[in-house]
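Start counting the sequence shown at 1; every next residue gets the next number (full-length UniProt numbering). Beta carbons: idealized from backbone N, C-alpha and C, even for Gly. Small disclaimer: the values here were computed from a predicted structure and weren't measured. What follows is a single structure, written as structure tokens, with notes after it.
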Amino acid sequence: ARPPAGQTRRRRAPLRATSSQTNAAAGAEASAGKYRHLSGPDTSAGRNTTLAGADVAGAFEVFDALSIGMATVVFRWFGENLKPSGAKLVEGRVLDLLGDGPLLLQLYSYFRQHGRVYNLVFGPKSLMVVSDPRVVRHILRDNATGYSKGLLAEILKEIMGKGLIPADYDTWKVRRRALLPGFHKAWLNYMAHQFAACAERLADKLDAEAAAGGSAGAVQADMEERYLSVALDIIGVAVFNTDFDSVDKESPIIKAVYGTLQETEHRATFFLPYWDIPVLGKLVPRQARFQKDLAVVNDGLNAAIKSAFSSRVEMDEEALQARDYANVEDASLLRFLVDLRGEDSTATQLRDDLMTLLVAGHETTASVLTWATFALSQDANVLARLRDELDTKLGGRAPTYDEVMELPLLRRVLAETLRLYPAPPLLIRRALEDDPNVPGGLTMREGQDIFIGVWNIHRDPELWEDPEVFDPDRWLRPAANPGVEGWGGYNPPAEGASSSWYPNEVQSDYAFLPFGAGPRKCIGDQFAMLEAIVTLATIVQRFDFELACEPGEVGLTTGATLHTAKGLPMRLTPREGVKWTSASEVAKERGSKVAVAMAGAKGGCPVAH
């Protein structure tokens with residue numbers, strides 16, 4: 001199998017696909033010089049995290065992993081019966097899903113061979129893989145209460161408990177009703193400053209490393225790792241009022257957080273849940289480490305919750321949303337939840353909510369920043385246009401909440417990144433009862449596990465023109481194909497006619513799902529977009545950057561989000577002539593006394609202690 005995460009396409013040059021992967025754009029012509037974002041199996045480094053991420057070192061643990069896999073096949077699938085559904089049956093093999101590439105690419109290969117809906121059968125067990133926008137619309141919106149998170153809830157229950165992601169529908173309604181008011185405009189407006197301070201700390205560190213690097217004046221850094229750090233710092237500040245300061249240091253709590261996050265990703269991608277098998281779950285070394293990490297994180301969350309309750313000031317929702325967030329010592333989401341009158345959640349439920357936000361809010365934003373930086377490094381024209389937009393509109397500072405709509409190219413760059421590298425690339429559901437009304441004459445049987453192929457939909461050549469090309473301007477053009485039954489196409493709003501920060505599932509008729517869709521759409525979509533906008537705007541304005549390896553060496557692995565195989569090595573050079581206005585200076589101009597004092601004292605993310 002070929003290893004590249006992408007390859008350069010010359011005009012009229014035929015596209016080569018591996019034998020195990022049929023590419024959507026095979027035989028098509030691309031614009032000259034455009035980098036094609038093709039992600040293929042990488043047997044040298046980018047193996048599927050289902051095995052590589054299992055931390056199996058040596059032949060003994062590999063044998064253990066295979067034994068676990070066989071045992072779990074019997075444990076989970078024995079005695080189940082497959083009923084007719086109307087979907088095409090595709091005979092699968094466990095080894096296909098533990099093989100030489102990310103799971104989503106194997107599912108993509110089947111999608112190209114067998115169509116938008118197929119039933120992947122493993123003996124008596126099956127997975128319905130859905131990549132049809134009209135069926136997705138039905139599952140996520142029209143009959144959302146007829147489906148649960150299924151496998152995902154089972155995988156994450158030990159980590160997230162009854163948090164928003166794994167919760168059943170009734171619990172989810174209660175928790176969303178409590179959490180949603182916390183993501184209001186006044187809070188996000190203030191958080192834009194917090195994001196800017198954290199991004200600035202990352203940029204300052206890169207600046208210092210470049211200055212210490214000698215006459216070249218450049219620094220080589222793994223930007224995937226750096227983005228993971230800044231995203232963790234932002235979540236700490238915004239959700240817990242805690243500065244992890246992971247950009248500069250690694251403490252025991254940070255190590256435990258990363259250990260927990262890695263286990264979350266491992267469970268989300270390891271197809272066979274051996275940790276549920278008595279005894280085996282305790283004998284595997286990584287599970288013992290995980291239990292220790294989880295205990296450390298839980299202790300930290302419980303301490304934060306206890307502290308917040310000790311200074312609780314009950315207020316109604318309207319009063320909380322009217323708070324002067326620029327001048328309070330604790331503007332965290334935890335503080336909002338604790339102070340909200342009538343919100344009588346237990347410490348356990350708050351812990352589940354906070355853990356969910358920690359996991360969901362960390363990896364996803366770091367992923368889109370990583371792949372956006374990679375894509376920009378391969379398209380000098382888009383990068384130059386973006387830099388011109390930022391220099392003109394911002395002139396050497398991070399954007400505020402109110403300026404987001406004034407940065408249309410930056411928003412399109414992030415939207416296009418989310419199309420090519422969606423986070424997550426799969427959505428998981430389970431039918432709670434027989435659903436005979438699925439479009440296309442299909443029936444979802446009670447208990448049927450479903451993978452919604454976001455990756456497949458986003459790269460479907462019958463939905464998107466030249467889908468492997470990074471083209472932020474595609475979001476300015478309508479897309480339609482009468483040959484795709486039941487799909488209404490993509491209809492971009494007229495300029496100034498929409499307040500949406502990104503093209504959404506409604507505008508694309510469920511062919512673009514960056515944050516899911518329907519009632520259980522991601523609650524933090526604006527939070528994530530604002531964080532990415534502020535951070536990328538900071539890096540692009542302050543640095544020239546180029547990829548420090550061959551594009552094909554970047555590779556692709558899957559977890560809860562999409563990762564590179566070995567990191568994203570970038571060579572960054574501070575731009576000459578950029579006079580940067582710091583986050584604390586902007587806060588001072590806007591009258592934020594607390595933020596100025598804390599940013600000045602910390603030299604980074606403004607957090608009360």
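Tell me which same chain residues have a C-beta within less than 7 Å of the C-beta of residue i, skipping the five on either side of it?
i, result
"R335", "N241 and A308"
"L369", "Y227, A532, T535 and L536"
"A210", "G217, A218, V219, L572, T573 and P574"
"R141", "A517 and G518"
"W501", "V404, R411, Q526 and M529"
"L222", "In the sequence on display, residue 222 carries Asp and not Leu. G567, L568 and P569, listed in sequence order."
"G488", "D509"
"R341", "E314, M315 and D316"
"residue 619", "Shown here, the chain extends from 1 to 609; a query on residue 619 therefore has no answer."
"F195", "I234, L530, E531, V534 and T535"
"E505", "F512, L513 and A517"
Quick check on the DSSP output: the beta strand (DSSP E) that includes residue i runs from which residue to which?
i, result
"P492", "Element bounds for P492: n/a, residue is neither H nor E."
"A431", "L426 to A431"
"Q220", "V219 to D222"
"M160", "Note, M160: premise wrong, no beta strand (DSSP E); alpha helix (DSSP H) at L151 to M160."
"F451", "D449 to G453"
"L572", "P569 to P574"
Only counting the same chain, and skipping five residues up and downstream in sequence, which positions put a Cβ closer than 8 Å to that of residue i?
i, result
"G150", "I428, R429, R430, D449 and I450"
"V239", "S332, L333, L334, L354, L357, L358 and G361"
"F527", "F183, L188, M191, A238 and G361"
"S148", "D168, Y169, R429, R430 and L432"
Along the chain, where does the alpha helix (DSSP H) that runs through residue i open and close?
i, result
"N143", "Note, N143: premise wrong, no alpha helix (DSSP H); not H, not E."
"R459", "From DSSP, R459 is part of no alpha helix (DSSP H); its letter is neither H nor E."
"V174", "Y169 to L179"
"G361", "A347 to S377"
"residue 611", "For the chain, the structure presents residues 1 to 609; residue 611 sits outside this window and is missing."
"T392", "A380 to K393"
"R201", "K185 to A211"
Assign residue i to one of three DSSP states: helix, strand, or coil.
i, result
"V438", "strand"
"V230", "helix"
"K125", "strand"
"P408", "helix"
"V534", "helix"
"Y421", "coil"
"R590", "coil"
"N298", "helix"
"F512", "coil"
"C605", "coil"
"Y108", "helix"
"V328", "coil"
"V237", "helix"
"A479", "strand"
"Y502", "coil"
Taking 6 Å as the limit between beta carbons, can you name the residues of its chain near residue i, skipping five residues before and five after?
i, result
"R590", "none"
"R116", "S131 and D132"
"V129", "L107, Y118, L120, F451 and G453"
"F244", "L232, D233, G236 and I254"
"R47", "Bear in mind that the predicted position of R47 carries a pLDDT of just 29, short of 50, making it unreliable; the figure below should be weighed with that in mind. So the list is empty, once near-sequence residues are dropped."
"L294", "T260"
"I305", "A347 and L350"
"L463", "A511"
Could you check the C-alpha separation between residue i and residue j for me, to the nearest Å?
i, j, result
"L272", "K157", "15 Å"
"S508", "E433", "29 Å"
"I139", "A517", "10 Å"
"V469", "I457", "15 Å"
"G453", "P422", "10 Å"
"D207", "K162", "42 Å"
"E224", "A366", "7 Å"
"V136", "H114", "17 Å"
"L301", "R351", "6 Å"
"A511", "E465", "13 Å"
"residue 611", "T392", "Since the first residue shown for the chain is 1 and the last is 609, residue 611 is missing from the structure and cannot be characterised."
"A583", "K125", "54 Å"
"F111", "F515", "22 Å"
"G524", "A380", "31 Å"
"G483", "R477", "19 Å"
Compare the beta carbon distance of residue i and residue j with 8 Å and say whether it is the shorter of the two.
i, j, result
"P472", "L562", "no"
"D339", "V313", "yes"
"residue 624", "A153", "Here the chain comprises residues numbered 1 to 609, so residue 624 is not present and cannot be evaluated."
"W475", "A415", "yes"
"L420", "L104", "no"
"residue 620", "L261", "The structure shown does not extend to residue 620, since the chain is modelled only from 1 to 609, so the question has no answer here."
"G441", "Q541", "no"
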